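Each residue of the sequence shown is one higher than the last, beginning at 1 in full-length UniProt numbering. Backbone N, C-alpha and C define an ideal beta-carbon position, used for all residues, glycine too. Computed from a predicted structure; not experimentally measured. As structure tokens, the structure follows; a few thoughts come after it.
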Amino acid sequence: MPINIVSDTVSLLWRLHLYGHAVPAGLWKATAAYAEPLFPKAGFAFANVHKAMLAAATADRPAVEACAAALTAVVEAGTLTAGSVVPAVCRAALAFAEENFDKCARLLDSPADEAVRIGGSRAQREIVEAMLLVALMRSGQAAKARDLLDRRLHRRFSPRDDAWRSKLAA
Numbered sequence: 001m002p003i004n005i006v007s008d009t010v011s012l013l014w015r016l017h018l019y020g021h022a023v024p025a026g027l028w029k030a031t032a033a034y035a036e037p038l039f040p041k042a043g044f045a046f047a048n049v050h051k052a053m054l055a056a057a058t059a060d061r062p063a064v065e066a067c068a069a070a071l072t073a074v075v076e077a078g079t080l081t082a083g084s085v086v087p088a089v090c091r092a093a094l095a096f097a098e099e100n101f102d103k104c105a106r107l108l109d110s111p112a113d114e115a116v117r118i119g120g121s122r123a124q125r126e127i128v129e130a131m132l133l134v135a136l137m138r139s140g141q142a143a144k145a146r147d148l149l150d151r152r153l154h155r156r157f158s159p160r161d162d163a164w165r166s167k168l169a170a
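Printed below as a string of structure tokens:
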């Protein structure tokens, strides 16, 4: 199904980037070429967020801004049940891709707790929280990052989160 291809591919590539790994050359562009004609209208929150992340990763600022503006209009019209979390995550993805980590963290401060409204699996939604966490760490907000890591580690152990927690404690 096209939605699964888009969401799974974008999530995998975003995680690689998020956690500091190089995304193999050409994969973002190939994914963008595949996804471009799909889900063109605002209102399918899950698809819209993934397409915005893809646009952010390929430095297509106008596409992210247009998507976020269209989603905001749908929210204001009262027809997007997922609410304002959707355009906020889109804008945060752009801020993250542009390495404006402080802005990304501000944009995700409340929406990260509402990511469930976007839809998808827990693993799909967790990418929003992970983006917030990395943005907090990269913007020097160690106390907030520690608090978030403590909550994540309370839910389930992760060697990566444990290592990050140790670095923040030092």
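Query                                                                                                                                                        : Result
Compute the beta-carbon to beta-carbon distance between Gln-141 and Ser-11, rounded to the nearest angstrom, for a pair I have assumed lies under 8 Å.       : Not a contact, Cβ separation roughly 24 Å.
Along the alpha helix (DSSP H) that carries Ala-52, what are the first and last residues, could you check?                                                   : 45 to 57
Taking Cβ positions, are Trp-164 and Met-137 nearer each other than 8 Å?                                                                                     : yes
Could you check whether Val-75 and Ser-84 sit closer than 8 Å to each other, using their CB atoms as the reference points?                                   : yes
Suppose contacts are defined by Cβ-Cβ distances below 8 Å. Is Val-64 in contact with Ala-93 by that definition?                                              : yes
Using 8 Å as the Cβ pair cut-off and three pairs as the minimum, do the stretch 34 to 41 and the stretch 2 to 17 touch?                                      : yes
Using a threshold of 8 Å, state whether the C-beta atoms of Leu-71 and Asn-48 are closer than that.                                                          : yes
Taking the straight line between their C-alpha atoms, what separation do you get for Phe-46 and Tyr-19?                                                      : 22 Å
Per DSSP, what kind of secondary structure is residue 211 in: helix, strand or coil?                                                                         : This structure does not reach residue 211, given that the chain is present from 1 up to 170, and the question cannot be answered.
Using a Cβ-Cβ cutoff of less than 7 Å, which residues in the same chain neighbour Leu-80 once the five nearest sequence positions on both sides are dropped? : Gly-43, Ala-45, Leu-71, Val-74, Val-86
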